[in-house]
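Have a look at the structure below, then the notes.
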Amino acid sequence: MTTSTSTAQITVGELATRFLEQCGVKAAFGVISIHNMPILDAFHRRQKIRFVSARGEAGACNMADAYARVTGTLGVCVTSTGTGAGNAAGAMIEALTAGTPLLHLTGQIESPYLDRDLGYIHEAPAQVAMLQAVGKAAFRIRNPETALATLREAVRLAFTAPCGPVSIEIPIDVQGLLMDLPPEIAPLPVPPVVAPASEVQALAERLRSAKRPLLWLGGGARAAGPAVERFVKMGWGVVTSVQGRGILAEDHPASLGSYNLQKPAETLYQSCDAMLVVGSRLRSNETLRYKLKLPSKLYRIDANALAHNRGYTSDYFVQGDALHTLHALADLLEGHMQVDPALRKDVQQARREAEGLVDATLGAYVTLKNAVATQAGKALWWVRDITLSNTMWGNRAPVLDHPRAGVHALGGGIGQGLAMAIGTAIADAEHQLGRKTVALVGDGGFMLNVGELACAVQEKANLVVLLMNDSRYGVIRNIQDDIYGSRHCYVDLHTPDFAQFCASLKVTHLALSEPAQTAAVLQQAFATPGTVVVEVDMNRWGAFAVKFAGPILKKD
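Numbering-wise, the working numbering puts 991 at position 469 of the sequence shown, and it's gapless, one number per residue.
Below, the structure is given as C-alpha cells:
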C-alpha cells in the first residue's frame, strides 16, 4: 500500500502576496501593468491587502512611504518595469532620505530575453543598478526556489537601521511560475541594536554631573517615547528635529518643540552643559549648515554607527537602538542627577520667544496657522509639501502629540504632499487610527502630481488639502529678488481654475480669500467627509511679513 501527499502550489506572485500579509501589510499602492499582474491578481483573489490604484508610480511610492511612516509598518509599492519603475525613482529617494522601511516590487520582461540588448519592449537595461542607486538595496528573483529568501532578506534590510526602501525585480514569467507553498513564510525578525553595557555605563558617568541637560530627538527616536518620559521626569529639556516632532507632546512644558534653530533656542543651548542627540543626523537645514552653536558637550546615541562625528564632533558616541539604550541609560541616571530646576522654565521661555519670532514673520498668515491648530486640535496627521508656508510655519506648528503625526517631504522635492496625504489617510482608515489628515501644499507642487486627486476621490480618502495658491514658485522668486537682481524668470505659473477642476472630480472645493473667513471655512472643511480642497488665495492675503529666500545661513 502506498500513500501520497499533495502539496498546495501557488505562483511566485501569490507567494509575494502571502508574504506581505505575514508582514502585517493592510494596504499597498501602485499602478497595474502587464508586468505585475500575477502579483496584483493574487491581491485581488485573496482580498487581504487593499490595493490603491495611484495615477502614477511616483505618487504610489509617496503613498507607500507615508503609510509606513504613519503606521510604523512596511510600506509597499508595486510598479511596472522600465519607465514605471523609473517614475518611482524620485519618491524612492525621498523614502531613503527619510529612512522609511519600504518594499518596492517591480516587474521585468521575460527571462529568456533579459539582459541580451535585444531592444525588447519594456526592458530597462540595468534596472537593478538604477534601483540600487535610489534605494538601500535591490534584488532580482530569478526562479521560484530563491523567491522567499529574497523577499525575507529585502524586508529585513528595509527594517535594519538605517531603514530605507528596498526593491525587488521579478521577471513576468517568474511571477507566474508555480511552486510548492512553503510551510513558513513569515518575515525574519529584526532585533534591535543592543548597546554594550560598558558604553552605556561610560555615557552615564559623563552625564551624571550635568545640571542643565537637553535631549535632541530625531526621527530615529520615534519609538523611544516611554524612555524619553523618564528623562523628562528627571528634569531634562527636549528639542526635536522636524522628523522627531511629537515624540514628546509638543505642549509639554519640557519641550522646545522643533523650534531648534531660532536665536532663543541657540541662546538656551549655550546655557546648557550637555546635549544628548538621539536618532538624528543634525541635518544642514536644521543646524544652519552645521554652524548652529550647540552645548559644549555633545553626546550621541544612534543605531547607525556611521552617525558618529557626522556634522558635529561627538564627545562620546554609543551605537544602539534609541528606546533600549535610553532605558538602559535612565536606569543608571535616575536618582543620581541634580538637574537645575530653572531649566524647564528657561525652555518654556525660549519656546515662547521662538514662537513669537516665527509669528512675527507671518503677517496675515498667523490667522491660518492658529486656525488650523484650533480646528484640528492635536488629533491630526500633519502632512506637508515643500512650500513656502511649510518653511515659514508648518515645520514648527501646529502642536503635535504623536511621534508619527508629522509627515513631510524631508528630501526637499516638491509635489509629494498630496500623494503622501492620500497614503496617510489610507493608513488611518485601514489601521483605525482615528486622526484627521491635513495636507499643506503649494500650487506649484500640487500641479506636479495633481492626477492623484482622482485617486483620492476613488479611494474615498478622508483628508483636507490646504492649497496655498500664489501662482508662482514663491521661494524661488524670493531668491531671485535676493541674489539675481529681481530677474523673475521661469517662476510664474499658469494654474487652473481649481474650483472648476475640483468640481469635475467631485471634490469639495472651498475658497479662502481673506483672513476673516478662516475660522468658518476651516470649520466647514473639517466637518466635510471625503477629500476637501481649501484654496488660500495668497495674492489677496498678501505677502509674508518677512521674505524667505532659501535655507537660513549662519553668519560668521
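For every residue, glycine included, the Cβ atom is placed at its ideal position computed from N, Cα and C.
For residue j and residue i, believed in contact at Cβ under 8 Å, the rounded distance
{"i": "Val750", "j": "Glu808", "result": "Not really, about 19 Å apart at Cβ, beyond 8 Å."}
{"i": "Thr959", "j": "Val905", "result": "6 Å"}
{"i": "Tyr821", "j": "Leu729", "result": "7 Å"}
{"i": "Cys583", "j": "Ala610", "result": "4 Å"}
{"i": "Gly768", "j": "His924", "result": "5 Å"}
{"i": "Pro694", "j": "Gly629", "result": "Note on residue identity: the sequence assigns Ile, not Pro, to residue 694. Contact flag correct, Cβ pair sits at about 5 Å."}
{"i": "Leu596", "j": "Cys545", "result": "5 Å"}
{"i": "Leu845", "j": "Ala961", "result": "29 Å between Cβ atoms; not a contact."}
{"i": "Trp987", "j": "Val1055", "result": "Reading off the sequence, residue 987 comes out as Val, not Trp. So it is a contact: roughly 5 Å between Cβ atoms."}
{"i": "Ala1086", "j": "Ala983", "result": "Here the chain covers residues 523 to 1078 and nothing more, so residue 1086 does not appear."}
{"i": "Gly801", "j": "Gly740", "result": "4 Å"}
{"i": "Ala676", "j": "Leu625", "result": "6 Å"}
{"i": "Pro817", "j": "Met797", "result": "4 Å"}
Exposure label - residue i; buried when at least 16 CB within 10 Å
{"i": "Ala497", "result": "With the chain covering 523 to 1078 only, the question about residue 497 has no answer from this structure."}
{"i": "Asp702", "result": "exposed"}
{"i": "Ile556", "result": "exposed"}
{"i": "Glu706", "result": "exposed"}
{"i": "Gly578", "result": "buried"}
{"i": "Lys785", "result": "exposed"}
{"i": "Leu902", "result": "buried"}
{"i": "Ser526", "result": "In this predicted model, Ser526 has a pLDDT of only 42, less than 50, meaning its place in the structure is not dependable enough to derive any value."}
{"i": "Pro687", "result": "buried"}
{"i": "Cys494", "result": "Since the first residue shown for the chain is 523 and the last is 1078, residue 494 is missing from the structure and cannot be characterised."}
{"i": "Arg568", "result": "exposed"}
{"i": "Gly842", "result": "buried"}
{"i": "Asn665", "result": "exposed"}
{"i": "Thr533", "result": "buried"}
{"i": "Tyr589", "result": "buried"}
{"i": "Thr896", "result": "exposed"}
{"i": "His566", "result": "exposed"}
{"i": "Ser720", "result": "exposed"}
{"i": "Asn917", "result": "buried"}
{"i": "Ile1005", "result": "exposed"}
{"i": "Thr762", "result": "buried"}
{"i": "Cys535", "result": "The question names Cys, yet the displayed sequence has Gly at residue 535. Buried."}
{"i": "Leu537", "result": "buried"}
{"i": "Thr1050", "result": "exposed"}
{"i": "Met523", "result": "In this predicted model, Met523 has a pLDDT of only 40, less than 50, meaning its place in the structure is not dependable enough to derive any value."}
{"i": "Lys891", "result": "buried"}
{"i": "Glu667", "result": "exposed"}
{"i": "His1016", "result": "exposed"}
{"i": "Gln697", "result": "buried"}
{"i": "Val1068", "result": "exposed"}
{"i": "Leu989", "result": "buried"}
Residues bridged to residue i [DSSP beta-bridge criterion]
{"i": "Val598", "result": "Leu625"}
{"i": "Lys958", "result": "Leu902"}
{"i": "Arg662", "result": "Glu691"}
{"i": "Lys964", "result": "According to the sequence shown, residue 964 is Gly rather than Lys. The partner list for Gly964 (beta bridge, DSSP) reads Met990."}
{"i": "Ile556", "result": "Partner(s): none; Ile556 has no beta bridge."}
{"i": "Leu820", "result": "Met797"}
{"i": "Thr1079", "result": "Because the chain here runs from 523 to 1078, residue 1079 falls outside it and cannot be looked at."}
{"i": "Glu1057", "result": "Leu989, Ala1033"}
{"i": "Phe551", "result": "Val574, Cys599"}
{"i": "Val677", "result": "Val677 pairs with nothing; no bridge assigned."}
{"i": "Val894", "result": "Bridge partners of Val894: none, in fact."}
{"i": "Val929", "result": "Val905"}
Beta carbon proximity, residue i to chain B, threshold 9 Å
{"i": "Ala680", "result": "Of the protein chains in the structure, only one exists, and it is not chain B."}
Practice item. Within the stretch 837 to 876, note down every full beta strand (DSSP E) run reaching 3 residues or more, in order along the chain. Key: 838 to 841
Point to revise | Sequence ranges, beta strand (DSSP E) only - wholly within the stretch 610 to 650, length at least 3 | key: 624 to 630
Exercise for review: Identify every run of the alpha helix (DSSP H) within the stretch 727 to 792, keeping only runs that are complete inside it and at least 4 residues long; order them along the chain.
Suggested key: 747 to 755, 785 to 792
Practice item. Tell me the start and end of each unbroken alpha helix (DSSP H) in the stretch 997 to 1053 that is at least 4 residues and wholly inside, in chain order. Key: 1020 to 1026, 1040 to 1049
Practice item. Report yes or no: do the stretch 589 to 603 and the stretch 534 to 554 share at least 3 C-beta pairs separated by less than 8 Å? Key: yes
**Study point:** Segments of 3+ residues assigned as beta strand (DSSP E) that fall wholly inside the stretch 562 to 598
**Key:** 572 to 575
Review point. Which parts of the stretch 700 to 725 are runs of the alpha helix (DSSP H), unbroken and 4 residues or longer, counting only runs that do not cross its ends?
Key: none
Point to revise | the stretch 934 to 945 / the stretch 962 to 974 touching (three or more Cβ pairs under 8 Å) | key: yes
Check your understanding: For the 8 Å Cβ check, are there 3 or more pairs between the stretch 635 to 644 and the stretch 610 to 621?
Key -> No contact exists between the stretch 635 to 644 and the stretch 610 to 621.
**Study point:** the stretch 712 to 719 touching the stretch 647 to 663, judged by at least three CB pairs closer than 8 Å
**Key:** Short answer: they don't touch.
Practice item. Take every Cβ of the stretch 846 to 860, pair it with every Cβ of the stretch 828 to 836, and state whether three or more of those distances are shorter than 8 Å. Key: A contact between stretches requires three or more CB pairs, one per stretch, nearer than 8 Å, and the stretch 846 to 860 fails this requirement with the stretch 828 to 836.
**Study point:** Given 8 Å, three or more beta-carbon pairs between the stretch 1021 to 1033 and the stretch 1043 to 1061
**Key:** yes
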